Amino acid sequence: NFIKEISKAIIGLREHRSRVVRCAILSLLPELAQFCADAFARSYLDEAVEIVVTFSKIAELRQQALLSSGQLCRAVGPYLASYVDDLLSIVTEALTGSGRRKVASEALRCVSDMVIGLGAPFHPKVLLLLDPMLHNGLTAELIETLSVIATKMPNQRPEVQQRLLEEATKVLGGDARPRLPQPSYLYSWSHQGQRLPPSNKRGKTGLLEDVQGLSGVGVGPLGNMLMQGNARSSSNEHSRQDSSTSIDSNG
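Numbering follows the numbering used here, in which position 45 of the sequence shown is assigned residue number 26; successive positions increment by one, without gaps.
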């Protein structure tokens, strides 16, 4: 009952003209939701989402609205599955609108919190935000957000890595669409340069077994050099042994 009374009183102030009061409302909503998620979701979730969406459209409240949206997702994420599109619109507008530079940091933090709090219902939407996020420049907040995405969405990690590589290359003045080259073979240093065609179907253990079982495989230039060096070392060692034996005999 106490939580309901407090929540009702706070939500009742949403029409207040004071910016300070409205920012306080935004900051308190996630805390109330976290205190008792189930009760808050049953009684006040609709109004809470409406408040953060409405306040996010007001320039002076947008930063706090973004932070509160992310915190609300972490507090009651499982209850927000039907609001994913509404919450997505908040960060999309923040990352693409005219004042995006002023709220880029808060928007990126919001995306991280949404990925963690909303989970699977939000994950397919995240790739739609990659370009807007990258257009705001390479920052510490961006790297942290992309790390969260790559960790929580391992299937999308290659796409995230590729887009980050492209952006970093553009910053350095290189090709706008770089691609990591696929090696045509792998050198085995322990087998004197012998090389094995890479196999996408084998795991690390299988690859090691293949390398250890190499026999009769073509040797590359580096392998030839290593083999010649080993041969010379072996020849020199035999020569030193013969010389030592001859000295002992003469002595």
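Every residue, glycine too, gets a C-beta built ideally from N, C-alpha and C.
Being a predicted model, the structure only gives us computed values, none of them experimental.
* Among the residues of its own chain, which have a CB less than 6 Å from the CB of L188, if the five just before and after it don't count? -> In this prediction, L188 scores a pLDDT of 37, lower than 50, which makes its location untrustworthy; no coordinate-derived value is stated.
* Contact under 8 Å by Cβ, C91 with V72 -> Cβ atoms of C91 and V72: closer than 8 Å.
* Burial state of Q142 (16 or more Cβ within 10 Å) -> Q142 is exposed by the Cβ-count criterion.
* Identify, in the order they occur along the chain, each residue of the same chain with its Cβ nearer than 8 Å to the Cβ of E140, setting aside the five sequence neighbours on each side. => For E140, where only same-chain residues beyond five positions count, the Cβ hits under 8 Å are L108 and L111.
* **Simplified DSSP assignment, three categories, for H116** => Coil at H116, not helix or strand.
* Asked: Which class does S(-12) belong to by DSSP, given the choice of helix, strand or coil?
  -> In the structure shown, the three-state DSSP call for S(-12) is helix.
* To do: Compute the distance between the beta-carbons of Y25 and I(-8), then report whether it is under 8 Å.
  => Yes, they are a contact pair.
* Determine the contact status of L99 and V65, defining contact as a CB-CB distance below 8 Å. => A contact, by the Cβ cut-off of 8 Å.
* CA nearest to the CA of L153, picked from Q15, G118, A56 and A29 -> For the residues Q15, G118, A56 and A29, the minimum Cα distance to L153 belongs to G118.
* **Cβ-based burial, V1 [other Cβ within 10 Å; buried from 16]** => Flag for V1 reads exposed.
* Can you say whether G80 is buried or exposed, counting buried as having 16 or more other CB atoms within 10 angstroms of its CB? => Exposed.
* DSSP three-state call for E(-4): helix, strand or coil? -> Residue state, collapsed to three classes: coil.
* Measure the Cβ-Cβ separation of A22 and L53 and say whether it is below 8 Å. => No, Cβ-Cβ distance for A22 and L53 is not below 8 Å.
* Asked: Does the distance from the C-beta atom of L48 to that of E87 stay below 8 Å?
  -> Contact: yes.
* Cα separation between G51 and L7? -> Those two C-alpha atoms are separated by around 11 Å.
* To do: Return helix, strand or coil for G78, following the three-state DSSP convention.
  => Looking at G78 - three-state DSSP - the assignment turns out to be coil, as it is neither helix nor strand.
* Asked: Using DSSP with H/G/I as helix, E/B as strand and the rest coil, what is F21?
  -> Three-state DSSP puts F21 in a helix.
* Can you tell me where the alpha helix (DSSP H) with P102 in it begins and where it stops? -> According to the DSSP assignment, P102 belongs to no alpha helix (DSSP H), since it is labelled neither H nor E.
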